[in-house]
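Here the structure is laid out as structure tokens; the discussion comes afterwards.
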Amino acid sequence: MPYIALVTLVVRDYDEAIAFYTGPLGFVLAEDSPRGDGSRWVVVRPRGATAGTGLLLARARDAVQEAGVGAQAGGRLGFFLYTEDFAGDRARMLAGGVRFLEEPRHEPYGTVAVFEDLYGNRWDLLQPA
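Quick note on this note's numbering: the sequence shown kicks off at 650 and runs consecutively.
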């Protein structure tokens with residue numbers, strides 16, 4: 650059965666992106682392999698995620714790609730990080746400097762709050778009901 654394994658996230662710098670995703674967001678670095686052209690194959694995954702779920706962090710190569718950093722979804726909410734411990738994960742993220750754009754909301758589908766990654770991409774932190 651087909652599935653989506655990775656989603657590319659264009660970043661300014663590999664190391665700053667790795668530090669953010671493995672620090673305040675608590676992801677694990679699954680792979681960081683140099684490529685022959687000076688780029689790297691960098692994959693991060695949410696802690697506990699299956700091997701088939703992750704972000705490929707790709708450094709912008711030119712001005713056009715650089716302009717897209719932080720606008721992966723055109724300014725809309727683009728990513729959804731599910732959790733089993735909303736309060737604990739939110740507290741860890743806040744302590745790590747993550748900027749939440751709203752206070753937690755309790756919706757019929759769960760507890761949710763929108764936050765931005767280090768580039769301004771919008772994410773939902775969501776604990777399903």
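Here a beta-carbon is modelled for each residue, glycine too, at the ideal position from N, C-alpha and C. Keep in mind the model is a prediction, meaning the values are calculated, not measured.
Under 6 angstroms Cβ to Cβ from residue i, same chain only, skipping five residues before and after it: list those, please.
i    : result
L705 : L655, T657, V692
Q714 : V659
A762 : F749, E751, P753, L774
S682 : W690
T760 : F735, P753, Q776
Could you name the residues of the same chain whose beta carbon sits closer than 8 angstroms to that of residue i, not counting the 5 residues immediately before and after it, in chain order?
i    : result
T732 : D738, L774, L775, Q776
D734 : Q776
R696 : G675, F676, V677
E680 : W690, V691, V692
What is the rounded straight-line gap between the Cα of residue i and the Cα of residue j?
i    : j    : result
D757 : V718 : Before going on, a small fix: residue 757 reads as Pro here, not Asp. Using only the alpha carbons, I get a separation of about 33 angstroms.
L767 : L743 : 13 angstroms
A720 : G769 : 7 angstroms
E665 : A736 : 25 angstroms
S688 : M650 : 31 angstroms
D711 : A778 : 42 angstroms
A740 : A698 : 20 angstroms
R725 : T671 : 24 angstroms
Closer than 7 angstroms by C-beta to residue i: which residues in its own chain qualify, once you throw out the five before and the five after it? Chain order, please.
i    : result
G746 : P673
R684 : W690
Check whether the Cβ atoms of residue i and residue j lie closer than 8 angstroms to each other.
i    : j    : result
R708 : Y663 : yes
R748 : F728 : no
A722 : R771 : yes
G703 : Y652 : no
Practice task
Can you check the segment 668 to 732 for any alpha helix (DSSP H) of at least 4 residues that lies completely inside it and give the ranges in chain order?
Solution key: 712 to 717
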